[in-house]
Structures are given as C-alpha cells and as structure tokens.
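Enquirer:
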Amino acid sequence: MQSDVSDAVFSIVAPSPASQDVDMQQCLVGSDRDSLVSTFARNDGTYPYRVDSIAIVGADASQFSLVSGIPPFTVPSGSSRAVEFRFSPTSTGTKTAQLIIFTQADTLQQTIRGVGIAPSLAVLSDVIDFGVLEVGVAKDTIRAITIKNVGNAPLSITATRHAGPNDFDFSTLAGGGSFTLAQGDTAKLDLRFLPSDLGRTSGRLLFEYNGVGSPATVQLFGEGTINSLDTARTTVVAQDIIAQAGERVNLTLSLQKQTGLQATGAPTKWFARIRYNSSILFVEQNGSECSGSADSCMLELSGTYNPASNELISVPCLATLGNTDNSSIIIDEFRWTNSGIVAETLTQDGRIQINGICDDGGARLYISAKNSTSLTTRPNPTQNTMEIHYGLREPLTITLELLNMMGQVVQTFVSNKAEAAGGYVHTTDVSAIGNGAYQLRMVTNKETLTTRVDVVK
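Residue numbers 94 to 550, in the working numbering, belong to the letters of the sequence shown in order.
Below, the structure written as structure tokens:
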C-alpha cells in the first residue's frame with residue numbers, strides 16, 4: 094500500500110462578519126439626528142464578505158433610517174465599513190428597533206435605540222428677511238419675536254450670538270445676551286442689518302441653552318444694492334510721453350470727462366495694470382517690478398483719488414534708447430475698488446516717442462548685449478504701408494510674422510530667409526489688415542524679438 098505526505102502548508106480562509114448596536118441618544122421630537130458609525134460592519138476574518146442588505150424592523154422601525162453606507166458593499170478582511178443612521182422621533186420616550194444585516198456568510202442582528210425629547214424651546218421666526226437696502230444704509234427690526242419657551246419650567250438662555258456666513262452685517266441692538274424665559278414667554282429682540290457689500294447675504298442668530306437642541310437658530314437674510322440714480326462716469330487717460338533718450342519723464346494717469354465723483358458713495362480707491370515697452374521707458378519707482386517681456390512689461394499701480402486734482406498718479410521714469418523709438422502705453426485694466434454707486438470707466442491709451450534719433454541709414458537703436466537683433470517699424474501706428482527696420486550683428490536665418498493679440502499669425506512677410514549681418518528695411522503692404530493691436534515677431538535661428546504694431550485706418 095502506497096502513501097504520500099505533502100510538504101505544502103494548508104490554511105482555511107473564511108470571513109468573520111461582526112457588527113454593533115447603535116445608540117442615537119436624545120433627539121427633539123419632530124427633529125432629525127444623524128450618527129455615523131465608522132466601524133459598524135467589521136470583518137475579523139481572513140476573507141472578505143459582502144453585505145447584501147440591512148433591514149430595520151420592530152415597532153419603532155419607522156423612526157429610524159439609513160442615510161449613507163447603504164448596501165450592497167464588501168468588507169475586506171481585517172477592515173470595517175461605516176454606516177450612517179438617522180433618528181426621527183415622532184413622540185417622547187425611548188424608541189428601539191432591530192437591525193438585520195444580511196451577508197453571504199451569516200445574518201447578524203443588532204439593536205438601534207434613541208430617546209425622543211419634548212422640546213422646551215420653539216423657534217417662532219426661523220427666518221427674518223430685511224429685504225433690499227442700499228450699501229451703507231441700515232435697517233432695524235424692532236422687537237422681532239424669535240423664540241418661545243414651550244416647556245413646563247423657566248428656561249435660561251445662556252448666550253445670544255451671531256454666526257456666519259455673515260456675522261458682520263447683522264447685529265443685535267437690544268434684547269440679546271443671557272436671560273430667562275418664563276413658561277410660555279417669547280424673546281423679542283431689536284436687530285439691525287447694515288449691508289457692507291452688494292448682493293444677497295445671510296447670517297445666523299443663535300440662542301444657547303442647557304438642553305437638547307441647543308443652540309436654537311434663526312436665519313437672517315438681506316441684500317445690499319446701490320442707488321442706480323447715482324453713477325460715477327470717468328475716462329482714465331495714460332498721458333503721452335515725448336522725450337529724448339536720457340530725459341526724465343513721468344508716467345501719468347489722469348481723469349477726463351468725469352461726472353458723479355462727488356456723489357455719496359462715489360469711488361476713491363483704484364487699481365490699474367499698465368503695459369509698456371521697458372526698453373525705452375525705465376520706471377524709477379521703488380519696488381516696481383516689471384513682469385513680462387521688455388516689449389510688453391506689466392506694471393501694477395494703485396492709489397486714492399484726490400478730488401482736488403485730475404491726476405491719479407505720476408510715476409517718475411527715464412526715457413532710454415531701446416529696441417524701438419515709439420510704443421504704446423496701454424491701460425490693460427482699471428477698476429475702482431470701493432465704489433458704493435455704479436462706476437462706469439473708459440480708458441484711453443497713451444504713447445511714448447523717443448526723439449533725437451538719427452535716421453540716416455536706419456534708426457540708431459540700442460541693441461542689448463543679450464540680443465543679436467534689433468526690430469522696429471515706421472510709421473507706427475500704420476495704415477496701409479509699413480516699413481520694417483531690423484538689424485543683425487551676424488548672419489542669421491529670419492522669419493518675419495505679424496500676430497494678433499491671440500498669438501495667431503495673420504501675415505508672414507519673410508520666411509526662413511538667410512541674411513548677412515547688417516541693417517535692413519522691408520516695405521510691406523498691410524492694407525488688408527484690420528484695425529487693432531498686433532505683434533511683429535522676428536524669429537531667428539538663435540532667438541525671437543517682438544514689437545507692438547498698431548493698425549489704424
């Protein structure tokens with residue numbers, strides 16, 4: 094008779110489903126209480142098991158329900174799953190029901206319980222709406238009835254406080270703090286809404302007391318608006334700069350055609366974002382930083398409007414010899430930051446022109462040691478015909494393109510052309526190009542240079 098003994102080690106894997114009773118504690122009659130039991134379904138075994146369903150049965154089953162973690166789901170070995178329950182008592186006293194958990198391995202039974210508590214406080218005005226008010230104008234609600242003691246004994250309100258989302262615009266003038274409500278008494282408070290900003294907003298008025306359901310909550314609503322009859326209208330202008338290289342100048346923003354800036358709630362604080370060519374305009378202002386390229390440098394400015402002057406700001410600068418002799422001073426963005434009325438703002442861009450440059454044989458422009466090319470256009474703004482002036486310090490292959498502000502090529506003037514070192518003038522027809530701001534781009538086999546071109550017809 095033959096026999097054999099295996100060297101392999103065998104083990105039996107099996108799930109071990111487990112669960113637990115649930116205590117929902119106390120809840121006011123007519124209210125809901127949710128409780129998340131993070132380890133309700135456990136698996137102490139070595140193999141996963143599946144929970145197919147959970148049934149709630151018993152005399153008080155209708156007062157309990159599942160909120161989340163609803164089966165079917167799988168519980169991995171050595172892990173657990175959370176289930177969220179809700180208790181909604183319809184009468185006072187202890188309520189119980191049975192939880193039947195059906196799994197593929199076993200059927201578990203647990204108990205769920207909770208206690209219904211008669212409320213001692215009722216919220217009579219759960220919502221108080223102050224309506225629509227102009228920003229900065231207050232509205233008071235006098236002796237607003239908020240809560241009532243519906244219990245059979247005096248009720249102590251330990252604190253009254255305002256809470257978010259907006260706990261700033263709503264306030265209590267009288268009747269708040271701590272106080273005692275006799276049986277059947279109501280609390281009457283003087284409340285105020287003072288909108289600080291446009292739009293609808295809300296806050297909460299909380300009554301804290303020693304009992305289930307604390308704090309009682311009254312929702313507060315209100316909306317801030319502006320007087321549409323008052324409108325501040327302004328045109329913000331970037332002043333032109335005409336100077337010779339090395340001359341000290343000012344980058345100036347001023348107001349023109351202004352109306353309504355003396356009205357109540359008119360704006361005073363402002364923010365602006367300016368774009369300019371930093372190769373021909375050096376901003377001396379301390380702390381000013383240029384973001385972007387030399388041809389399109391960004392400068393952010395802010396300040397407070399002085400009614401005694403039309404000048405918003407004047408920034409000391411230095412006109413310099415750069416990669417062009419003229420460029421635009423563009424107001425990319427201007428906004429009033431504290432207006433309590435309608436503020437309508439138009440902007441008008443300016444220009445910088447560097448004079449005193451010798452044109453004989455081509456404009457003498459500064460070429461940075463980091464660049465091997467120079468690029469400019471004449472005239473700028475242009476209408477139908479444009480001269481492109483460029484200089485090369487060494488032989489290069491170039492491409493000249495005109496791009497719109499979306500970065501799309503609208504016309505190619507020169508494509509991959511080999512050029513010797515020297516200065517060049519390329520005359521081109523732009524009569525088919527529409528009005529607007531464009532970028533002239535020269536791409537070489539070493540670098541890229543751009544300059545702004547304005548087409549005005």
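Heads up, the beta-carbon is just placed ideally off N, CA and C, and yes, glycines get one too.
I'd like the span of the beta strand (DSSP E) that includes arginine 428, first residue to last.
Expert: Residues 419–429.
Enquirer: Taking its Cβ as the centre, do 16 or more other Cβ atoms sit within 10 Å of leucine 129, making it buried, or is it exposed?
Expert: By the 10 Å Cβ count, leucine 129 comes out exposed.
Enquirer: Give me whichever residues DSSP pairs with aspartate 233 in a beta bridge.
Expert: Note: aspartate 233 sits in a beta bridge opposite Arg285.
Enquirer: Quick check: the Cα distance between alanine 456 and glycine 433, rounded to an integer number of angstroms?
Expert: Low per-residue confidence applies at alanine 456: pLDDT is 44, beneath 50, and the placement is therefore not dependable, though the value from the model is reported in the following sentence. Answer to the nearest angstrom: the Cα atoms are 51 Å apart.
Enquirer: For asparagine 416 and leucine 496, I'd like the C-alpha separation in whole angstroms.
Expert: When rounded, the distance between both Cα atoms is 18 Å.
Enquirer: Examine the Cβ distances between the stretch 391–399 and the stretch 466–481 and report whether three or more of them are shorter than 8 Å.
Expert: The stretch 391–399 vs the stretch 466–481: no contact.
Enquirer: Excluding sequence positions up to five away, which residues of its chain have a Cβ less than 7 Å from the Cβ of serine 249?
Expert: So the list reads Thr273, Tyr302 and Asn303, once near-sequence residues are dropped.
Enquirer: My output table needs one value for alanine 154: the three-state DSSP class, helix, strand or coil.
Expert: If DSSP states are grouped into helix, strand and coil, alanine 154 belongs with the helices.
Enquirer: DSSP three-state call for arginine 486: helix, strand or coil?
Expert: Three-state result, arginine 486: coil.
Enquirer: Check each candidate in Glu393, Pro141, Lys281 and Leu485 and name the one with the smallest Cα separation from isoleucine 221.
Expert: Of the candidates Glu393, Pro141, Lys281 and Leu485, the one whose C-alpha sits nearest the C-alpha of isoleucine 221 is Lys281.
Enquirer: Identify, in the order they occur along the chain, each residue of the same chain with its Cβ nearer than 8 Å to the Cβ of isoleucine 238, setting aside the five sequence neighbours on each side.
Expert: The answer, listed in chain order, is Leu217, Ser218, Thr279, Ala280 and Lys281.
Enquirer: Go ahead and pull the three-state DSSP assignment for phenylalanine 272.
Expert: Three-state DSSP puts phenylalanine 272 in a strand.
Enquirer: Quick one, which of Asn538, Val549, Ile422 and Asn509 has its alpha-carbon nearest asparagine 528's?
Expert: The residue with the shortest Cα to Cα distance from asparagine 528 is Val549.
Enquirer: Please name the residue in Val305, Ala231, Ser347 and Leu533 whose C-alpha comes closest to that of phenylalanine 364.
Expert: Checking every option, the nearest Cα to that of phenylalanine 364 belongs to Ser347.
Enquirer: Can you name, in chain order, every residue of its own chain whose Cβ lies under 6 Å from the Cβ of valine 233, other than the five neighbours on each side?
Expert: Sequence inspection shows aspartate at residue 233; the valine mentioned does not correspond to that position. Answer for aspartate 233: Arg285, listed in chain order.
Enquirer: For threonine 196, is the classification buried or exposed, using 16 other Cβ atoms within 10 angstroms of its Cβ as the cut-off for buried?
Expert: The residue is buried, with at least 16 neighbouring Cβ atoms inside 10 Å.
Enquirer: The beta strand (DSSP E) that contains serine 295, what's its start and end?
Expert: From DSSP, the beta strand (DSSP E) with serine 295 extends over 292–302.
Enquirer: Compare the C-alpha of valine 408 against each of Glu437, Thr438, Asp137 and Phe375 and name the closest.
Expert: Of the candidates Glu437, Thr438, Asp137 and Phe375, the one whose C-alpha sits nearest the C-alpha of valine 408 is Phe375.
Enquirer: Given a threshold of 16 other Cβ atoms within 10 Å of its Cβ, counted over all protein chains shown, does alanine 513 qualify as buried or as exposed?
Expert: So alanine 513 counts as exposed.
Enquirer: What residue range does the beta strand (DSSP E) around tyrosine 369 cover?
Expert: Unbroken beta strand (DSSP E) run through tyrosine 369: 362–369.
Enquirer: What does the Cβ neighbour count give for threonine 544, buried or exposed, with the cut at 16 atoms within 10 Å?
Expert: Threonine 544 comes out buried.
Enquirer: How many Å lie between glycine 123 and glutamine 203 at the Cα?
Expert: So the two alpha carbons sit approximately 25 Å from each other.
Enquirer: Using C-beta distances below 6 Å, list every residue in its chain close to arginine 179, excluding the 5 sequence neighbours before and after it, in chain order.
Expert: Result list for arginine 179: Asp125, Asp127, Ser158 and Val160, in chain order.
Enquirer: By a C-beta neighbour count over all protein chains shown, 10 Å radius and 16 as the cutoff for buried, is alanine 412 buried or exposed?
Expert: Buried is the call here.
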